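J.: Chains as they are written, first to last, in the working numbering: chain A, 969 to 1214; chain B, 13 to 265.
We treat Cβ as the ideally placed atom computed from N, Cα and C, and that holds for glycine.
It should be emphasised that the depicted structure is a prediction, and the values quoted were computed from it without experimental measurement.
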């Protein structure tokens, strides 16, 4: 029953979010602000994690491929497939769910408890649209770029660490990352990213928007936003993988 | 003019507002007074649509607000300015951005015109040259005045003030009260002020509605309230010894 209540309220909120904006120029400014807030500020953490994870995947692959029947270029191939199919689109999005999700929920939740959202409503502004639409638009726009950077840095990290530790040669790694490449897998990856971007921003906004109480409840909304965003990312990851890869 | 007709509201099994009717007149400071928990803020929230009425009508110049559609409600709300108890300023925006916000959203003014209007409003509330300060850098009284500046920025026809002098010292309270009254008269606004501050009642109460346990209990003005014999209102007004002395002084004149 509780699930249906939240689902119903979520879809009603989404309908309000996508109603006609009062003034496009103000919304556009908000979107630019949110791109910076959600996207650009997340770049350092994504860069560091992706680079080192790419390196670790490469070293682990090289360590595991002990059979002479497995060519060494398989190390590069494995690093590319891991980064493209799963690490960048899913694991990085889970990390972003933590960073962006808590940020969005606590920001909107604080506005709720200090009556700033009521103030917007009384001014005649659709508060759901004004606060949430720019976040969703910015997230869906910027996250594919973040994930593309993550993919590039992950594969680069694999190259640098693979060479530095002697796990494979430069030629083998570069040959590996080009081997058996199927471009449709990028389509699969970026479909996942767009879905996850929408889930993270909208679910976190939902929990923030319906915060009631004080500082403690803002904290609870933040936690709920991260937990539910992460769970839904995992569920949709399974559904989309099933849809695309079978 | 705003008229409420037989409005009622319950939360669960508790009836918070019980069949209240009143006319809030244009160009006057209309006060809603009552003890804490008597339903004053609920009436205001019903009037601006933050809560829905269970029954009754809320007429904004003849338009029944609760029955309007979302877009029509938004159009009415564009004519409303509201001063919240806590100010409700947008804390990530400067004072200038806060006051300019309704202008950005609803007008086609140029940047210069908006700045002129912002400066005019800030001057009205005695916050000249404070444009670049953030709400976090303001005192309680300054926050209320800034919120008042934002509330009047878009030339509202209706001004709602929820306990405008709660938490303020008597001197700042008088400044806020006088501001509200002068703005009401100057711009011919329908102003509704919620308060339980007797000083405000005496200073600016041109029309007063006393709410007792969610019911319309007494109406009058600042002179009549000092001569009231209504037992509940006498208890409320003369709760302090000081007010009793004022009352006796008035009676003995």
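Apart from the five residues on each side of it in sequence, which residues of its chain come closer than 7 Å, Cβ to Cβ, to residue 79(B)?
T.: Around residue 79(B): no qualifying Cβ.
J.: How would you list, in chain order, the residues of chain B whose beta-carbon sits under 8 Å from the beta-carbon of residue 982(A)?
T.: Simply none; closest approach about 15 Å.
J.: Any Cβ of chain A within less than 7 Å of the Cβ of residue 174(B)?
T.: Chain A, which has no Cβ nearer than 7 Å to the Cβ of residue 174(B), makes this no.
J.: Closest to residue 1093(A) by C-alpha separation, out of 210(B), 88(B), 95(B), 174(B), would be which residue?
T.: When each option's Cα is compared against that of residue 1093(A), the closest is 88(B).
J.: Leaving aside the five residues before and after residue 85(B) along the sequence, list all residues of the same chain whose C-beta is less than 8 Å from its C-beta, in chain order.
T.: The answer, listed in chain order, is 61, 77.
J.: State yes or no: is the beta carbon of residue 73(B) nearer than 7 Å to at least one beta carbon in chain A?
T.: No, residue 73(B) does not count as interfacial toward chain A.
J.: Beta-carbon of residue 1090(A) versus every beta-carbon of chain B: anything under 7 Å?
T.: Output row for residue 1090(A): interface = yes.
J.: Could you check the C-alpha separation between residue 238(B) and residue 244(B) for me, to the nearest Å?
T.: Residue 238(B) and residue 244(B): Cα-Cα distance of roughly 13 Å.
J.: Mind listing the chain A neighbours of residue 62(B)? Cutoff is C-beta to C-beta under 8 Å, in chain order.
T.: Chain A residues near residue 62(B): 1086, 1089, 1090.
J.: Since residue 1122(A) is in the alpha helix (DSSP H), which residue starts that stretch and which ends it?
T.: First-last of the alpha helix (DSSP H) with residue 1122(A): 1095-1133.
J.: At a Cβ threshold of 7 Å, is residue 86(B) touching chain A?
T.: Closer than 7 Å to some Cβ of chain A, the Cβ of residue 86(B) qualifies, so yes.
J.: Flag this pair as yes or no: are the beta carbons of residue 1170(A) and residue 1104(A) separated by less than 7 Å?
T.: Yes, these two residues count as a Cβ contact at 7 Å.
J.: Going along the region 988-1010 of chain A in order, which residues come within less than 7 Å of chain B, judged by CB to CB distance?
T.: Within the region 988-1010 of chain A, the residues whose Cβ lies closer than 7 Å to some Cβ of chain B are 990, 991, 994, listed in chain order.
J.: With a threshold of 7 Å between beta-carbons, can residue 206(B) be considered close to chain A, or not?
T.: False, the Cβ-Cβ gap to chain A never drops below 7 Å.
J.: Kindly identify the DSSP beta-bridge partner or partners of residue 69(B).
T.: Answer is 17(B), bridged to residue 69(B).
J.: Would residue 175(B) pass as a contact of residue 75(B) if the rule is Cβ separation under 7 Å?
T.: Their beta carbons are not under 7 Å apart, which means residue 175(B) does not touch residue 75(B) by this criterion.
J.: Just verifying my parser: in three-state terms, what is the DSSP assignment at residue 1170(A)?
T.: Helix at residue 1170(A).
J.: Which residues of the region 1129-1157 of chain A have a Cβ closer than 8 Å to any Cβ of chain B? Give them in chain order.
T.: Listed by position, the residues of the region 1129-1157 of chain A near chain B (Cβ gap below 8 Å) amount to none.
J.: Please return the same chain residues whose Cβ sits closer than 6 Å to the Cβ of residue 1040(A), not counting the five positions on each side in sequence.
T.: Excluding residues within five positions, the ones whose Cβ falls inside 6 Å are 1136, 1140.
J.: What whole-angstrom Cβ distance do residue 1078(A) and residue 1194(A) have, given they're in contact under 8 Å?
T.: Actually they are not in contact, since the Cβ atoms of residue 1078(A) and residue 1194(A) sit about 16 Å apart, beyond 8 Å.
J.: Quick check: what's the CA-CA separation for residue 1146(A) versus residue 107(B)?
T.: Approximately 56 Å, taken between the alpha carbons.
J.: Give the DSSP-derived three-state secondary structure of residue 221(B) in the structure shown.
T.: DSSP places residue 221(B) in strand when its eight states are reduced to three.
J.: Can you give me the Cβ contacts of residue 1045(A) inside the same chain, cut-off strictly under 8 Å, excluding the 5 residues immediately before and after it?
T.: Only 1144, 1145, 1147, 1148 meet the Cβ criterion.
J.: At a Cβ threshold of 7 Å, is residue 1083(A) touching chain B?
T.: Output row for residue 1083(A): interface = yes.
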